[in-house]
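Below: one structure, written as structure tokens.
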Amino acid sequence: MATTPIVDVLILGGGPAGLACAGAIARQLHSAIIFSNNTFRNARANHMHSVAGWDHQDPAAFRAKARADIIERYAGPSGIQFRDIGVSSVRKLDDDERGATRFEAVDVNGTKYLGRKVVLAMGVKDIMPVTPKGYADLWGYGIFHCLFCHGFEERGSASAGVLATGPFLGVGGNNGAPLMAPVIARMASRLAGLITVYTDGNEELGASIRAQLKNTQKFKVENRHLTHVAKDPDVNGEAGVLITLEDGSVNKQGFLAHAPAFEVNGSFAADLGVTLTPQGNIDAQPPFYSTNIPGVYAAGDCATMMKSVPVATMMGCCVAAGLTHALQAEDDVEF
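Numbering that gives the first Met the number 0 applies: residue 0 is where the sequence shown begins, and numbers increase by one.
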């Protein structure tokens with residue numbers, strides 16, 4: 000298998016976090032290879048929000064512009080290189096004679112790449128629940144994981160729902176953690192009239208949520224199981240959800256707020272021995288989002304509960320600052 004010359008940084012992921020990191024380290028004349036299989040979590044979204052200068056724009060256009068800017072200004076063997084290919088494995092090699100870290104990544108074609116540092120920016124994969132039926136078809140259309148990203152366009156809806164399962168149960172889906180469902184319900188109430196919180200059969204949870212939501216006119220708790228969700232044909236556009244309950248009754252909702260379970264993309268965290276948080280994110284510590292493995296950093300959706308383009312971009316820039324400090328300290332040797 001061929002091995003390419005060593006670069007300063009191997010960046011696994013070509014989304015906002017990886018692109019922001021690459022653009023920043025290039026400003027300090029550091030080299031990097033960005034690997035991407037061009038699969039993105041927000042592929043269904045035609046618009047993104049809360050990104051200054053890019054509000055309500057296509058996230059694919061944002062990524063393309065960021066990449067084009069990097070290629071125009073910073074591309075080259077001693078700068079930033081792109082590889083549109085998946086990575087099958089990454090491992091830490093023995094430190095060099097100076098004690099500096101070294102890593103090896105192998106792409107799906109078997110080509111090996113060497114780097115002094117690694118940035119994990121490969122994002123996450125949402126795991127669609129088996130029930131209620133129809134969930135996957137509505138995900139990203141009428142089912143919203145984030146009410147900063149979605150929901151404003153549906154403002155004024157007569158009603159909306161919140162599904163209190165998975166991450167919306169408690170932080171990380173932990174029933175013993177502070178409940179997230181009331182927080183999301185209050186956010187939804189800014190956009191719709193009556194908010195129904197669905198516990199999918201968990202009456203004990205329903206009682207806890209009811210105790211936290213004081214306004215009984217604004218918030219309703221529904222403890223029956225959900226069996227099916229479908230697009231409401233009476234609602235124009237992509238939103239509008241019909242929720243069928245276990246007794247056959249149907250609720251009409253302007254949208255349904257819910258975040259499914261997720262997993263970090265790839266085996267890279269496990270390959271390197273990187274620690275995960277109880278919620279399943281890579282445990283990357285600010286300010287530079289370093290991990291428990293020296294020389295390994297993480298940024299973006301794979302390393303935060305706040306999975307969004309602006310947060311990913313911020314984290315990528317912070318990682319870049321940490322990388323420059325670490326790389327330049329290693330290069331500062333006595334002659």
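Heads up, the beta-carbon is just placed ideally off N, CA and C, and yes, glycines get one too. All of these numbers come straight from a predicted model, not from anything done at the bench.
**Asked** What separation, rounded to the nearest whole angstrom, lies between the Cα atoms of residue 237 and residue 148?
**Response** Approximately 15 Å, taken between the alpha carbons.
**Message:** Let me make sure I understand the geometry here. Which of 123, 304 and 289 has the alpha-carbon closest to that of residue 274?
**Reply:** When each option's Cα is compared against that of residue 274, the closest is 289.
**Terminal residues of the beta strand (DSSP E) in which residue 10 lies** = 6 to 11 is the extent of the beta strand (DSSP E) around residue 10.
**Request:** Excluding the 5 residues preceding and the 5 following residue 202 in the sequence, name in chain order all residues of the same chain whose CB lies nearer than 8 Å to its CB.
**Result:** Excluding residues within five positions, the ones whose Cβ falls inside 8 Å are 222.
**Asked** Under 8 Å, do residue 91 and residue 271 count as touching if we go by C-beta distance?
**Response** In this structure, the beta-carbon distance from residue 91 to residue 271 falls below 8 Å.
**Request:** Decide if residue 71 is buried, meaning its Cβ has at least 16 other Cβ atoms within 10 Å, or exposed.
**Result:** The residue is exposed, with fewer than 16 neighbouring Cβ atoms inside 10 Å.
**Request:** Output the distance between the C-alpha atoms of residue 251 and residue 143, rounded to the nearest integer angstrom.
**Result:** Answer to the nearest angstrom: the Cα atoms are 15 Å apart.
**Asked** Roughly how many angstroms separate the alpha carbons of residue 6 and residue 46, rounded to a whole number?
**Response** The straight-line gap from Cα to Cα measures roughly 35 Å.
**Message:** Within 10 Å of its beta-carbon, does residue 249 have 16 or more other beta-carbons around it, so buried, or fewer, so exposed?
**Reply:** Here residue 249 is exposed, its C-beta having fewer than 16 other C-beta atoms within 10 Å.
**Message:** Rounded to the nearest angstrom, what separates residue 161 and residue 185 at their Cα positions?
**Reply:** The straight-line gap from Cα to Cα measures roughly 10 Å.
**Request:** Thinking residue 228 and residue 220 are a contact (beta carbons under 8 Å), I'd like their distance in whole angstroms, please.
**Result:** 18 Å between Cβ atoms; not a contact.
**Prompt:** Any idea what DSSP makes of residue 47, helix, strand or coil?
**Reply:** Strand, per DSSP.
**Request:** Please go through the same chain and pick out, in chain order, the residues whose beta-carbon is closer than 6 Å to the beta-carbon of residue 34, but skip the five residues on each side of it.
**Result:** Within the same chain, residue 34 has close Cβ partners 11, 82 and 86.
**Item:** Spatial distance of residue 56 from residue 48 (CA atoms)
**Value:** In a straight line, the C-alpha of residue 56 is about 7 Å away from that of residue 48.
**Asked** Going by alpha carbons, who is nearest to residue 284 out of 314, 108 and 166?
**Response** Of 314, 108 and 166, the residue nearest in Cα terms is 314.
**Contained beta strand (DSSP E) runs [length at least 3] in the stretch 102 to 163, N- to C-terminal order** = For the stretch 102 to 163, whole beta strand (DSSP E) runs of length 3 or above, ordered along the chain, are 102 to 106, 111 to 119, 123 to 126 and 156 to 162.
**Prompt:** Should residue 131 be labelled buried (16 or more other beta-carbon atoms within 10 Å of its own) or exposed?
**Reply:** Under this definition residue 131 is a buried residue.
**Request:** Have a look at residue 152 and residue 230 and give me their C-alpha separation to the nearest angstrom.
**Result:** Answer to the nearest angstrom: the Cα atoms are 17 Å apart.
**Request:** For residue 251, write down the residues that DSSP places opposite it in a beta bridge.
**Result:** DSSP output for residue 251 lists 241 as bridge partner(s).
**Item:** DSSP-derived helix/strand/coil call for residue 303
**Value:** In the structure shown, residue 303 sits in coil (DSSP, three-state: anything other than H, G, I, E or B).
**Request:** Identify the continuous alpha helix (DSSP H) that holds residue 324 and give its terminal residues.
**Result:** From DSSP, the alpha helix (DSSP H) with residue 324 extends over 308 to 330.
**Item:** residue 301 and residue 263 closer than 8 Å at C-beta
**Value:** Contact flag set, yes.
**8 Å CB neighbourhood of residue 226 in its chain, flanking five on each side removed** = Contacts found: 130, 131, 132, 243, 244 and 245.
**Message:** Within a Cβ cutoff of 8 Å, which residues of the same chain sit near residue 29, ignoring the five residues on either side of it in sequence?
**Reply:** Apart from sequence neighbours up to five positions away, the residues of its chain that approach residue 29 with a beta-carbon distance below 8 Å are 7, 8, 322, 323 and 326, ordered along the chain.
**Request:** Kindly identify the DSSP beta-bridge partner or partners of residue 56.
**Result:** According to DSSP, residue 56 bridges with 47.
**Message:** For residue 182, report the span of its alpha helix (DSSP H) as first-last.
**Reply:** Looking at the DSSP string, the run of the alpha helix (DSSP H) that includes residue 182 is 180 to 188.
**Item:** Per-residue DSSP class, three states only, for residue 24
**Value:** Look at residue 24 here: in three-state DSSP terms it is helix.
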